[in-house]
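Structure, as structure tokens:
Structural data, given as structure tokens:
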């Protein structure tokens, strides 16, 4: 009974695999002849296999007229436009099976009241890839469609009821809605104005705070400049006087030496004895040793004072005419360390690890201020045991960097997000304003750099400042200081 059909499929006998399948399935060969038609097909379509196998024209059973089924179109390689016309765009390519199509439709000729079917047709190919037939599966989705229609009807009814009730509520609440809208608008305007006022007030407070701090820093700079000026003048003539005194004493010693020489040759015993007594009273031999040493120590002290004065001037940068200029950061750090020496020397040892830095365009006094803040904070972070503060500099990726690292108490994790906030401080009342790191952050931001912190509680903290070597749009301002 199946011999001719099996030859059309190259000897393949799929009947053993799908005969007992609950899914209705049939197969047609390249000549559109039905070769396989399982029991599920008989139950669904209502036609026995004997009336279908070995024949063409399945479309008449489904549609009541002569027309191809999807499997026929697969075998013929029908164009998409033909398939679209036949199934009225109610089809799609299968996502699971290559070259297969899926469609659904209502078939009034099936059953007592017609049936909704979902069907999938796929080509069967021979060893060389040629189409030798097609297989089509059919699923009865009538109950699902009835449920969907009932659901859609129910939804439509609900939507109609909702629309009616919504219309009624809209009419009833129209005046109330207008009142609420007016109230919300007035409230929004009030909130908006209040927010703008708060923002302006916050900006004013911040501006005032920065102005106060700027005035404090200016006063510090002026004080340093005044101290430098007042000390430098007397130091200048003291140094000059000491130089002259050194010259005079040298001449005096030469004279005394001449007296000694003449004493040995003098024949007047009385004069010689008097010279010897005066020599013993004056302790000339001691003075000859002590006065040069005193002069040396005095000159070293004066040189030290002059260095401190110069460092004060460098720190405040009172001699600088252009605000932005190219400067040696290492020298600026040295000047700053001399200024804060008294704050640090009893707490920690300073360890300098300077790199070979090029000239960096910046506001030197402001960078000195940042370094001072970080060094003083590092000293305050060290406990009762003497600690160490490492100051490192270097260049990386076209930027200069400065690190201030201490082995102090470190910063707790919950505090780190707030350390750059204005007026935030962990120091006791009277020991800190909470502005140092905030101002330092603002200065570095102004220099288009950034400041980072690494810390570990109990092991210390490292602040790293990174600065661009050149402020491109400010290069012209600093040409005179190169």
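In this note's numbering, the protein residues as written are 80 to 561.
Heads up, the beta-carbon is just placed ideally off N, CA and C, and yes, glycines get one too.
Everything numeric in this text was worked out from a predicted model, so none of it was measured.
Coil, strand or helix - residue 533 by DSSP: Translated into the one-based positions of the chain shown, residue 533 becomes position 454. Three-state DSSP puts residue 533 in a strand.
Cβ of residue 472 within 8 angstroms of any chain B Cβ: This model lacks chain B altogether; it includes just one protein chain.
First through last residue of the beta strand (DSSP E) which encompasses residue 134: Taking the first residue of the chain shown as position 1, residue 134 is located at position 55. No beta strand (DSSP E) holds residue 134; DSSP gives it neither H nor E.
beta-carbon residue 103 near the ligand NAP non-hydrogen atom, thresh 7 angstroms: With respect to small molecules bound, the structure shown includes none, and the ligand NAP cannot be examined in it.
Residue 213 and residue 161 closer than 8 angstroms at C-beta: As a position in the chain shown, residue 213 is number 134, starting the count at 1. As a position in the chain shown, residue 161 is number 82, starting the count at 1. Result no, Cβ atoms of residue 213 and residue 161 do not sit closer than 8 angstroms.
Straight-line Cα distance separating residue 121 from residue 132: The residue you call residue 132 lines up with position 53 of the chain shown. The residue you call residue 121 lines up with position 42 of the chain shown. The alpha-carbon atoms of residue 132 and residue 121 are separated by roughly 11 angstroms.
Simplified DSSP assignment, three categories, for residue 518: Start at 1 with the first residue of the chain shown, and residue 518 comes out as number 439. Here residue 518 sits in helix by DSSP.
Own chain, CB closer than 6 angstroms to residue 148, minus 5 neighbours either side, in chain order: Numbered from 1 along the chain shown, position 69 holds the residue referred to as residue 148. Within the same chain, residue 148 has close Cβ partners 137 and 138.
Rounded distance between the beta-carbons of residue 194 and residue 181, thought under 8 angstroms: Taking the first residue of the chain shown as 1, we reach residue 181 at position 102. Taking the first residue of the chain shown as 1, we reach residue 194 at position 115. So it is not a contact: roughly 17 angstroms between Cβ atoms.
Short Cβ contact (8 angstroms threshold) for residue 481 with residue 544: Against the chain shown, residue 481 aligns to sequence position 402. Against the chain shown, residue 544 aligns to sequence position 465. Contact: yes.
Meets three-Cβ-pair contact criterion under 8 angstroms: the stretch 245-254 and the stretch 219-235: no
Start-end ranges of the alpha helix (DSSP H) lying completely within the stretch 421-456, minimum 4 residues: none
Cβ pair count under 8 angstroms reaching 3, the stretch 111-121 against the stretch 164-179: No, because fewer than three Cβ pairs between the stretch 111-121 and the stretch 164-179 fall closer than 8 angstroms, the two stretches do not touch.
For residue 244, the three-state DSSP class (helix, strand or coil): As a position in the chain shown, residue 244 is number 165, starting the count at 1. Helix, per DSSP.
Residue 485 vs residue 446 beta-carbon contact at 8 angstroms: Locating residue 485 in the chain shown gives position 406, counting from the first residue. Locating residue 446 in the chain shown gives position 367, counting from the first residue. No, these two residues do not count as a Cβ contact at 8 angstroms.
Member of 196, 329 and 271 whose CA lies at the smallest distance from the CA of residue 371: As a position in the chain shown, residue 371 is number 292, starting the count at 1. Closest option to residue 371, Cα to Cα, is 329.
Separation of residue 130 from residue 140, as counted between CA atoms: Mapped onto the chain shown, residue 140 falls at position 61. Mapped onto the chain shown, residue 130 falls at position 51. Distance between the alpha carbons of residue 140 and residue 130: 11 angstroms.
Per-residue burial, residue 301 [other beta carbons within 10 Å of its own, 16 or more giving buried]: Start at 1 with the first residue of the chain shown, and residue 301 comes out as number 222. Because the pLDDT of residue 301 is 44, which lies under 50, any placement of that residue in the model is unreliable, and the question is left without a value.
For residue 217, the first and last residue of its enclosing beta strand (DSSP E): Position 138 of the chain shown holds residue 217. Residue 217 -> beta strand (DSSP E) spans 210-219.
Minimum C-alpha distance to residue 443 - residue among 218, 410 and 243: Mapped onto the chain shown, residue 443 falls at position 364. It is 410.
Residue 124 vs residue 218 beta-carbon contact at 8 angstroms: Here residue 124 refers to the residue found at position 45 when the chain shown is read from its first residue. Here residue 218 refers to the residue found at position 139 when the chain shown is read from its first residue. Not closer than 8 angstroms, so no.
Per DSSP, cross-strand counterpart(s) of residue 497: Taking the chain shown and counting its residues from 1, one reaches residue 497 at position 418. Residue pairing from DSSP leaves residue 497 without any beta-bridge partner.
Close Cβ partners of residue 498 (< 8 angstroms) along its chain, the five nearest in sequence each way excluded: Position 419 of the chain shown holds residue 498. 490, 516 and 532.
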